[in-house]
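Working notes, structure below.
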Amino acid sequence: MISETVVELSRWQFAITALYHFLFIPLTLGLAVLLAVMESIYVISGKAVYQSACRFWSQIFSVNFVLAASTRLALVFQFGLNGSYFSHYVGDVFAIPLLIEAFTTLFLAAVLFGPYRFGWERFSKHQHLLLTWLIALAVNISAFWILTAHSWMQNPLGANFNDHSLRMELSDFTQLLHNPILCHKMLHTLAACYLVAAATILAISAWLLQKNPADQMAGRSFKLAAVLGLTATLAVSLGDSGTQAANPVQLRKLAAMNGDDPSKLLPEISAHIHNGIKAYALLQTLRDENKDPQLLADFNSLKADLGYALLLQRWTEHVVDASDQQIALAAQSALPPQPWLLHWLYRFLIAAAIGSLLLFTLAGWQSFFQKSIPAWLLKLSVYLLPLPWLACIGGWFMTVAGIQPWAIAEILPTFLSISSLSVKELLFSVTVYALIYTALLLAGLYLSREIIRRQLSATTTGAVL
Amino acid sequence: MSLDYETLRLLWWALLVLGMIGFALAEGLLVGVTLLLKLSAKTDTDRQTVLNGITPAAMGLQAWLIAITALLFAAWPIVYTVAFSSFQAVLILMLVAWLGRLPGLYFRNASENADWRQNWDKALSYGGLLIAALLGIICGNLLKGVPFHLDSDMRIFFLGDFWGLLNPFALLLAAVSVTLFALYGAAFLQLKNSGDIYIASRSLMFKAGLAFLVLFALAGLWVTRLEGYHITSEFFPNGDANPLNKFVKRNDGLWLDNYEHQPSLWVIPALVFISAGVSLYLTKLHRSYFAFLATSITVVFSVLTVAISMFPFLLPSNRSLNSSLTIWDASASFNSLTMLLWPVIIALPLLAVLSRWSFWIERK
Numbered sequence: 000m001i002s003e004t005v006v007e008l009s010r011w012q013f014a015i016t017a018l019y020h021f022l023f024i025p026l027t028l029g030l031a032v033l034l035a036v037m038e039s040i041y042v043i044s045g046k047a048v049y050q051s052a053c054r055f056w057s058q059i060f061s062v063n064f065v066l067a068a069s070t071r072l073a074l075v076f077q078f079g080l081n082g083s084y085f086s087h088y089v090g091d092v093f094a095i096p097l098l099i100e101a102f103t104t105l106f107l108a109a110v111l112f113g114p115y116r117f118g119w120e121r122f123s124k125h126q127h128l129l130l131t132w133l134i135a136l137a138v139n140i141s142a143f144w145i146l147t148a149h150s151w152m153q154n155p156l157g158a159n160f161n162d163h164s165l166r167m168e169l170s171d172f173t174q175l176l177h178n179p180i181l182c183h184k185m186l187h188t189l190a191a192c193y194l195v196a197a198a199t200i201l202a203i204s205a206w207l208l209q210k211n212p213a214d215q216m217a218g219r220s221f222k223l224a225a226v227l228g229l230t231a232t233l234a235v236s237l238g239d240s241g242t243q244a245a246n247p248v249q250l251r252k253l254a255a256m257n258g259d260d261p262s263k264l265l266p267e268i269s270a271h272i273h274n275g276i277k278a279y280a281l282l283q284t285l286r287d288e289n290k291d292p293q294l295l296a297d298f299n300s301l302k303a304d305l306g307y308a309l310l311l312q313r314w315t316e317h318v319v320d321a322s323d324q325q326i327a328l329a330a331q332s333a334l335p336p337q338p339w340l341l342h343w344l345y346r347f348l349i350a351a352a353i354g355s356l357l358l359f360t361l362a363g364w365q366s367f368f369q370k371s372i373p374a375w376l377l378k379l380s381v382y383l384l385p386l387p388w389l390a391c392i393g394g395w396f397m398t399v400a401g402i403q404p405w406a407i408a409e410i411l412p413t414f415l416s417i418s419s420l421s422v423k424e425l426l427f428s429v430t431v432y433a434l435i436y437t438a439l440l441l442a443g444l445y446l447s448r449e450i451i452r453r454q455l456s457a458t459t460t461g462a463v464l
Numbered sequence: 000m001s002l003d004y005e006t007l008r009l010l011w012w013a014l015l016v017l018g019m020i021g022f023a024l025a026e027g028l029l030v031g032v033t034l035l036l037k038l039s040a041k042t043d044t045d046r047q048t049v050l051n052g053i054t055p056a057a058m059g060l061q062a063w064l065i066a067i068t069a070l071l072f073a074a075w076p077i078v079y080t081v082a083f084s085s086f087q088a089v090l091i092l093m094l095v096a097w098l099g100r101l102p103g104l105y106f107r108n109a110s111e112n113a114d115w116r117q118n119w120d121k122a123l124s125y126g127g128l129l130i131a132a133l134l135g136i137i138c139g140n141l142l143k144g145v146p147f148h149l150d151s152d153m154r155i156f157f158l159g160d161f162w163g164l165l166n167p168f169a170l171l172l173a174a175v176s177v178t179l180f181a182l183y184g185a186a187f188l189q190l191k192n193s194g195d196i197y198i199a200s201r202s203l204m205f206k207a208g209l210a211f212l213v214l215f216a217l218a219g220l221w222v223t224r225l226e227g228y229h230i231t232s233e234f235f236p237n238g239d240a241n242p243l244n245k246f247v248k249r250n251d252g253l254w255l256d257n258y259e260h261q262p263s264l265w266v267i268p269a270l271v272f273i274s275a276g277v278s279l280y281l282t283k284l285h286r287s288y289f290a291f292l293a294t295s296i297t298v299v300f301s302v303l304t305v306a307i308s309m310f311p312f313l314l315p316s317n318r319s320l321n322s323s324l325t326i327w328d329a330s331a332s333f334n335s336l337t338m339l340l341w342p343v344i345i346a347l348p349l350l351a352v353l354s355r356w357s358f359w360i361e362r363k
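Just so you know, the sequences run in chain order A and B.
Its first residue numbered 0, the first sequence is counted upward by one per residue in numbering that gives the first Met the number 0.
Its first residue numbered 0, the second sequence is counted upward by one per residue in numbering that gives the first Met the number 0.
So, in structure tokens, the structure goes:
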């Protein structure tokens with residue numbers, strides 16, 4: 000039987016690597032687009048203020064992008080290091096979008112970063128603008144591929160269990176792209192990332208404006224951030240997938256979010272488990288070289304529920320002989336573990352969206368229609384910065400927590416996905432990860448602070464940056 | 000055009016090897032240059048010059064690692080899984096070096112503080128050494144076989160431990176790998192620099208090159224005595240991927256089987272020696288550009304030597320021989336391999352061109 004401690008530590012390790020990587024994503028996506036817009040305005044209008052805005056924000060972007068690229072590495076390793084059964088069981092499908100991304104957009108963005116960062120003088124204005132746009136497009140298309148993989152975990156279409164290789168195999172790639180939840184997820188996630196990026200730009204600009212109201216660069220950035228933020232907040236609400244349900248797992252999550260009584264879903268889950276046990280039994284017979292076509296046909300008709308039988312492995316190694324009590328336990332475990340958390344988190348997200356909407360509306364109104372931005376609004380922009388960040392992380396948490404106990408909805412439970420590692424090995428790697436990630440995060444924050452301070456001293460002393 | 004499963008598996012093996020070659024050339028530069036950072040440059044300005052040679056291209060070069068990992072994951076899922084869970088401890092150590100590298104290269108000059116810079120220099124050079132050595136350790140254990148076992152549900156059990164991976168043969172390959180990347184890195188530094196750095200990297204090149212030639216020959220001799228692997232039963236190049244459907248034997252010198260059946264393959268290890276020797280001769284003549292090309296050929300054929308010797312094995316198991324992973328039974332499904340074939344065939348040369356281009360930019 001699988002040790003609960005190993006499962007917990009493995010989940011923690013995955014959470015650490017994924018969350019740290021995700022911390023650098025909003026700014027990568029949002030700033031890349033904003034930089035492309037600002038540089039376009041600069042190339043078209045030739046106004047120096049946009050040039051200095053590009054220089055300043057590109058430094059912040061660079062720090063963030065380097066850390067995003069580094070932490071991405073750990074994430075590619077993580078599936079194999081920590082989720083070896085997951086990788087075997089669904090790698091055939093799940094890795095496809097990752098491969099496409101690694102060979103196209105991710106590589107393009109990485110290879111263009113050096114020329115972008117060091118090429119301000121070496122390239123003509125138009126060439127450099129092209130680089131900026133290519134990076135902005137590449138990172139955003141990368142997000143599409145990652146979300147394709149992510150949506151597949153939530154709603155695994157286009158795959159089939161193969162009873163010879165004992166894993167899920169690709170049957171139709173187009174179904175991964177036509178996943179009904181993909182479109183909403185894409186809109187919602189990108190918009191959320193832009194929102195966070197806009198709030199960050201707004202806060203940094205506001206801080207600069209507080210210290211030096213004459214900083215034109217910060218004034219323009221404040222204005223642009225308000226526009227981007229307002230658009231993003233509206234898009235986040237439109238793309239809210241919370242009310243969408245493509246499969247039973249999402250229905251259960253939805254029930255938890257709405258605070259419905261979950262117990263009425265149990266009979267349906269039990270039925271799935273009973274079917275799953277039949278499929279599991281048939282699979283064992285098939286593996287004993289029994290080539291009866293009727294057997295295979297029976298198995299194929301039931302194999303959609305095979306994943307439910309795997310839930311039982313937490314309580315018994317002999318799935319076929321599971322007792323009624325074990326089935327009841329497994330059925331209970333198929334409901335999201337902390338329904339109240341999902342319930343209140345969802346309400347917090349809505350509140351955060353409304354808060355952001357108000358902030359960006361005020362910021363936009365003041366910077367477009369009033370002569371100057373009042374001090375209280377600048378302060379508010381700085382103090383409200385944690386709100387969208389928390390909401391963004393909360394939203395991420397909700398999607399991941401919402402499909403528990405599954406790693407792949409109705410296919411593979413999370414507790415089975417892990418590698419056969421010892422507690423000692425896991426403690427070692429979790430500690431290493433936590434230490435190095437914290438060090439990287441601190442280095443990034445320190446450098447960003449230096450960049451902002453340098454900007455401040457450059458504008459107050461009148462030096463050219 | 001539709002290909003059968005067997006042809007697809009062969010093609011994907013070729014793509015994997017090509018990807019590994021690309022990775023070795025890209026990663027080798029970063030490893031080689033950072034590894035030699037403190038040996039080739041004594042002053043802060045010189046170190047900055049050394050690093051400037053690779054920094055603009057560094058993120059693109061490092062993306063090869065992500066690309067090759069993704070290729071392994073998608074086309075050879077169980078190989079990826081077994082390799083990453085077996086080499087868990089080794090990879091975590093490498094990851095520390097890899098995570099610190101890009102920040103080191105891009106953030107080093109962000110502060111004037113001397114301590115800040117010296118610490119990053121240390122992190123970069125020890126990181127380079129660590130990665131070079133551990134790549135060799137992994138390679139050595141691939142040839143020796145890894146102590147893993149697959150149960151009937153395809154769950155993976157690693158039966159060895161970290162210290163077992165540091166066996167004498169693997170340590171020898173670690174030394175081979177360090178000298179190879181040092182040679183390659185020194186050739187690059189020699190090509191890019193003048194003055195003190197040029198003189199230092201020239202002498203480093205001779206040291207690394209001679210050491211590499213001796214160590215590579217030693218490793219070759221050891222392989223003739225090392226236990227290799229061979230499939231003894233019927234196997235199914237067109238069958239579904241299940242590694243447990245075959246029998247494997249292990250015996251001294253079996254890794255030379257392919258060369259015995261196809262003697263023309265001896266060209267591959269021979270070219271490693273020849274190109275390394277030629278690179279040193281060209282260095283003597285101050286022909287830095289061609290010397291660098293020669294060391295690149297050394298890297299390419301070193302990777303090929305390992306791949307060809309092991310063919311058709313990808314990851315042999317020395318504890319549970321029949322769990323060994325070969326190209327016939329450890330691939331992704333027919334549908335996945337078909338769907339991804341053309342995108343990867345088209346993308347792979349483009350990645351090479353883009354990587355080369357990122358160095359041109361720097362020259363302007």
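For each residue, glycine too, the CB sits at the ideal point set by N, CA and C.
None of the values given here were measured: they were computed from a predicted structure.
Within-8 Å CB hit, residue i to chain B
{"i": "His149/A", "result": "no"}
{"i": "Asp304/A", "result": "no"}
DSSP three-state assignment for residue i, whether helix, strand or coil
{"i": "Leu350/B", "result": "helix"}
{"i": "Trp132/A", "result": "helix"}
{"i": "Lys248/B", "result": "strand"}
{"i": "Gly258/A", "result": "coil"}
{"i": "His229/B", "result": "strand"}
{"i": "Pro412/A", "result": "strand"}
{"i": "Phe86/B", "result": "coil"}
{"i": "Ile407/A", "result": "strand"}
{"i": "Thr325/B", "result": "strand"}
{"i": "Phe21/A", "result": "helix"}
Contacting residues, own chain, Cβ-Cβ under 7 Å from residue i (five flanking each side not counted)
{"i": "Leu128/A", "result": "Glu38, Ser39 and Val42"}
{"i": "Ala158/A", "result": "Val92, Met167, Glu168, Leu169 and Ser170"}
{"i": "Ala330/A", "result": "Leu265, Ile268, Ser269 and Ile272"}
CB contact check: residue i to chain A, cutoff 8 Å
{"i": "Ala240/B", "result": "yes"}
{"i": "Pro55/B", "result": "yes"}
{"i": "Ala88/B", "result": "yes"}
{"i": "Gly59/B", "result": "yes"}
{"i": "Phe234/B", "result": "no"}
{"i": "Asn118/B", "result": "no"}
{"i": "Phe106/B", "result": "yes"}
{"i": "Thr325/B", "result": "no"}
{"i": "Thr48/B", "result": "no"}
{"i": "Phe83/B", "result": "yes"}
{"i": "Trp12/B", "result": "no"}
Own chain residues within Cβ distance below 6 Å of residue i, not counting five before or after
{"i": "Ser141/A", "result": "Glu100, Thr104 and Leu105"}
{"i": "Met93/B", "result": "Ile130 and Leu133"}
{"i": "Val463/A", "result": "Annotation note: pLDDT 42 at Val463/A (below 50); position unreliable, no value reported."}
Buried versus exposed call for residue i [16 or more other C-beta atoms within 10 Å across all chains shown]
{"i": "Gly461/A", "result": "In this predicted model, Gly461/A has a pLDDT of only 49, less than 50, meaning its place in the structure is not dependable enough to derive any value."}
{"i": "Leu349/B", "result": "exposed"}
{"i": "Thr16/A", "result": "buried"}
{"i": "Pro311/B", "result": "buried"}
{"i": "Gln293/A", "result": "exposed"}
{"i": "Tyr288/B", "result": "exposed"}
Cross-chain neighbours of residue i in chain D, by beta carbon under 7 Å
{"i": "Ile77/B", "result": "Looking at the structure shown, chain D is missing, and the protein chains on hand are A and B."}
Own chain residues within Cβ distance below 8 Å of residue i, not counting five before or after
{"i": "Ala73/B", "result": "Ala331, Ser335 and Leu339"}
Residue i beta carbon near the ligand MG (any heavy atom closer than 7 Å)
{"i": "Leu376/A", "result": "No copy of the ligand MG appears in this structure; indeed no ligand is present at all."}
Exercise for the section: Using a Cβ-Cβ cut-off of less than 8 Å, give me the residues of the region 125 to 144 of chain A that come near chain B, in sequence order. Expected result: Answer set for the region 125 to 144 of chain A: empty.
Handout entry: Residues of the region 124 to 158 of chain B whose Cβ lies closer than 8 Å to any Cβ of chain A, in chain order
Key = Ser151, Asp152, Met153, Arg154, Ile155, Phe156 and Phe157
Handout entry: Cβ-based contacts, 7 Å cut-off: residues of the region 332 to 355 of chain B near chain A
Key = Ser332, Asn334, Ser335, Met338, Leu339, Pro342, Val343, Ala346, Leu350, Leu353 and Ser354
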